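*Asks:* Below is the structure I would like to discuss, written out as structure tokens.
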Amino acid sequence: MNSSDGKQDNDAQLSGCPAETELAGRASMCEGCPGQALCQQQGGVDPDQEFIDVRMNAIQHKILIVSGKGGVGKSTVAASLALALAQQNKKVGILDVDICGPSISQLMSVQGQKVINTQWGWKPLQSKHGGIKVMSVASLLDQADSAVVWRGPRKTHMIKQFLKNTFWGKLDYLIIDTPPGTSDEHLTILKVLRNTRPDGAVIVTTPQTVAMDTIYKEIDFCKKMKLPILGLVENMSGFVCPCCQEVTRVFSGDGVETLAKESNLKILERLPLDQALVRCCENGESIFECHPDSSIVKSLESLAQRFLELPYR
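Just so we're aligned: the sequence shown equals residues 1347 to 1659 in the working numbering.
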């Protein structure tokens, strides 16, 4: 390697992922990255990128919902945020890129429906709640209970197909539900969206210490990938009594508050664990229609307001 290559390699390590440079897949920091083979194969240039950019430029706001670990209610938050924005007469879509564990179809009450391929591309399913457009690998499987056992390259291809082929039309918001942790899916979605600049990530966590430990890693990942962090959502912050509606703290401590201060991040909202929301999610119903006066609806409306204030892009 000549001195020029050495300098570029050092620069790449300092600035983050070199996916957009000629060092894609070849820099020393690429060793061990699950997306290394893809970058090497494409030489850092995706032949589908221009088409994907056209699709994504028709969408005003693209928001990734992420979490450090599973079981924190990330998909529920993603679906609830989509419903809350639709309640404000916004055109909303939700993309489930949790390839191996998709759940958005059930939460949006489109399970069992199949995506139709039209001359304009894949026509996303439409939820009966707020007309939200939905795309998930679950709607492409022959059997609803079929296991998706795919390696990284196939997941990467599927996500690119979602972004390239789905005819979303003009949307105000596209909510992207991602798998827990950091994986091929995250690397792929950020790489293919780099030209159309997603607004950022919402990190969902619970107050438990074990969840807190993983959030620091998620924050570090976002910084390395130059993905803005819009803020934190503390899910299951308390339990709503079904009789008196009083909220009781279940977990001790206030780790989310401490984390937010240390990381200079906003707590966008604290969402309590409400049995009414749980039942709605299980039945594919909208909490805004079934329990419009509940405390969880007020919290979700407050959360949605944060995103209504995002600058026009």
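Where is the CB? At the ideal position from N, CA and C, for every residue including glycine. On a predicted model such as this, the values are computed, not experimentally measured, just so you know.
From the DSSP output, in three-state form, read off Ser-1640 for me.
*Replies:* Ser-1640 falls in the coil class under three-state DSSP.
*Asks:* Name the DSSP beta bridge partners of Phe-1687, please?
*Replies:* No answer is possible for residue 1687: the residues shown for the chain start at 1347 and end at 1659.
*Asks:* What are the start and end residues of each continuous beta strand (DSSP E) run of 3 or more residues lying completely inside the stretch 1458-1490, in chain order?
*Replies:* The stretch 1458-1490 contains these whole beta strand (DSSP E) runs: 1462-1464, 1467-1469, 1479-1482.
*Asks:* On the DSSP bridge list, what partners appear for Ile-1411?
*Replies:* According to DSSP, which records beta bridges pairwise, Ile-1411 is partnered with Asp-1523, Val-1548.
*Asks:* Select from Glu-1647, Gln-1472, Gly-1447 the residue whose C-alpha is nearest the C-alpha of Thr-1459.
*Replies:* Checking the displayed sequence, the identity of residue 1459 turns out to be Gln instead of Thr. With distances taken between Cα atoms, Gln-1459 lies closest to Gln-1472.
*Asks:* Looking at the strands, I want to know which residues DSSP matches up with Ile-1405.
*Replies:* Paired residue(s): Leu-1517.
*Asks:* Quick check on DSSP: helix, strand or coil for Met-1571?
*Replies:* Here Met-1571 sits in coil by DSSP.
*Asks:* Where does Val-1645 sit, in a helix, a strand or coil, going by DSSP?
*Replies:* Note that residue 1645 corresponds to Ser in the displayed sequence, not to Val. Three-state DSSP puts Ser-1645 in a helix.
*Asks:* Just curious, the beta strand (DSSP E) that Gly-1439 is in, first and last residue?
*Replies:* That run of the beta strand (DSSP E) goes 1438-1442.
*Asks:* Rounded to a whole number of angstroms, what is the C-alpha to C-alpha distance between Glu-1647 and Leu-1431?
*Replies:* C-alpha separation (whole angstroms): 8 Å.
*Asks:* In whole angstroms, give me the CA-to-CA distance for Leu-1487 and Thr-1551.
*Replies:* The alpha-carbon atoms of Leu-1487 and Thr-1551 are separated by roughly 30 Å.
*Asks:* Leaving aside the five residues before and after Ile-1565 along the sequence, list all residues of the same chain whose C-beta is less than 8 Å from its C-beta, in chain order.
*Replies:* Within the same chain, Ile-1565 has close Cβ partners Ile-1549, Ile-1575, Ser-1609, Leu-1611.
*Asks:* Identify which residue in Val-1483, Ser-1451, Ala-1370 has its Cα closest to the Cα of Lys-1474.
*Replies:* Answer by Cα proximity: Ser-1451.
*Asks:* Take Glu-1592 as the anchor and find which of Leu-1614, Gly-1577, Pro-1618 has the nearest alpha-carbon.
*Replies:* Measuring from the Cα of Glu-1592, the nearest candidate turns out to be Pro-1618.
*Asks:* Does the stretch 1441-1456 come close enough to the stretch 1500-1520 to have 3 or more Cβ pairs within less than 8 Å?
*Replies:* Yes, they touch.
*Asks:* Can you list, in chain order, the residues of its chain with a C-beta nearer than 6 Å to that of Pro-1526? Leave out the 5 residues immediately preceding and following it.
*Replies:* The answer, listed in chain order, is Ser-1413, Lys-1415, Gly-1416.
*Asks:* Roughly how many angstroms separate the alpha carbons of Trp-1466 and Ile-1398, rounded to a whole number?
*Replies:* In a straight line, the C-alpha of Trp-1466 is about 13 Å away from that of Ile-1398.
*Asks:* Please return the same chain residues whose Cβ sits closer than 8 Å to the Cβ of Cys-1587, not counting the five positions on each side in sequence.
*Replies:* Taken in chain order, the residues that qualify are Val-1593, Thr-1594.
*Asks:* Assuming Cys-1627 and Leu-1453 make a contact with CB atoms under 8 Å, what is their CB distance in whole Å?
*Replies:* Right, their Cβ atoms sit about 6 Å apart.
*Asks:* Below 8 Å on the Cβ atoms is my guess for Val-1418 versus Ala-1557; work out the distance and round it to an integer in Å.
*Replies:* With 8 Å as the limit, Val-1418 and Ala-1557 qualify as a contact, their Cβ atoms being about 6 Å apart.
*Asks:* Looking at the unbroken beta strand (DSSP E) that takes in Glu-1531, where does it start and where does it end?
*Replies:* First-last for Glu-1531: 1530-1538, but that is the alpha helix (DSSP H), not the beta strand (DSSP E).
*Asks:* Could you pull the start and end residues of the beta strand (DSSP E) that Pro-1618 belongs to?
*Replies:* 1613-1619 is the span of the beta strand (DSSP E), which, as asked, contains Pro-1618.
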